[in-house]
Amino acid sequence: MAGTPGRRCSSAAAFHLSLHQESSARRNSVPFCAKPCRDELHAYWDGLLGDKLTVAQVSKKGQSLLAGGKPAGADNATPVSWITDSFDLAKAVVYVPPISDDNNPSVKISPRPDAAYRTKASAVAQSQVTLAGYRLAALLNLNLK
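Numbering-wise, my numbering puts 40 at position 8 of the sequence shown, and it's gapless, one number per residue.
If you want it as structure tokens, here you go:
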């Protein structure tokens, strides 16, 4: 809820489904290949920062992200606005070409992200996880006094 890439994808699922209503099984799934392949957009975003990192790698990455300083919006303690911001970001960054917009129901498999998409997605994922960390710290500091 504090701004993770996975939550951004999830909050944008409503936007994506508003373009093309389907079963609940598709809510978090924009497939890149036919079954039994399970490669899809939600997992792509979940894995952008790595999904099998060691504690040392996470620590190093955290130090690198913190070196950039406190991001804009870190002091925003209103979860409703986080959801709105997340939704807007997903429309602007997640569900954009080459990702299929689902306007054509005959297109069941989305093109995979290209290099330009990956570059932008990686930068957004890093900035969002930094923002989430600062927001989580603020919530903990406020509520655990």
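Ideal placement from N, C-alpha and C gives every residue a C-beta, glycine not left out.
Residues near residue i in its chain [Cβ-Cβ closer than 7 Å; skip 5 each side]
i, result
"G100", "T162"
"K177", "none"
"Y149", "P130"
"L172", "none"
"V139", "S132"
8 Å Cβ shell around residue i - same chain, five flanking residues per side excluded
i, result
"L97", "Q158, V161, T162 and G165"
"L85", "K93"
"S113", "none"
First and last residue of the uninterrupted alpha helix (DSSP H) at residue i
i, result
"R150", "A147 to N175"
"D78", "L73 to D78"
"L121", "P111 to L121"
"A88", "V87 to L98"
Residue from the options with nearest C-alpha to residue i
i, options, result
"W77", "C65, K140 and A122", "A122"
Buried versus exposed call for residue i [16 or more other C-beta atoms within 10 Å across all chains shown]
i, result
"A88", "exposed"
"L174", "exposed"
"V62", "buried"
"V156", "buried"
"S118", "buried"
"A57", "Residue confidence is low: A57 scores 46 on pLDDT, short of 50, so the model does not pin down where it sits. Its coordinate-derived value is still stated next. A57 should be labelled exposed."
"R167", "buried"
"P145", "buried"
CB contact flag (residue i, residue j, <8 Å)
i, j, result
"A170", "A106", "yes"
"S154", "L80", "yes"
"I115", "C65", "no"
"D133", "Y127", "yes"
Sequence-distant residues of the same chain with beta carbon closer than 6 Å to residue i, five excluded per side
i, result
"P143", "P130"
"D71", "F64 and C65"
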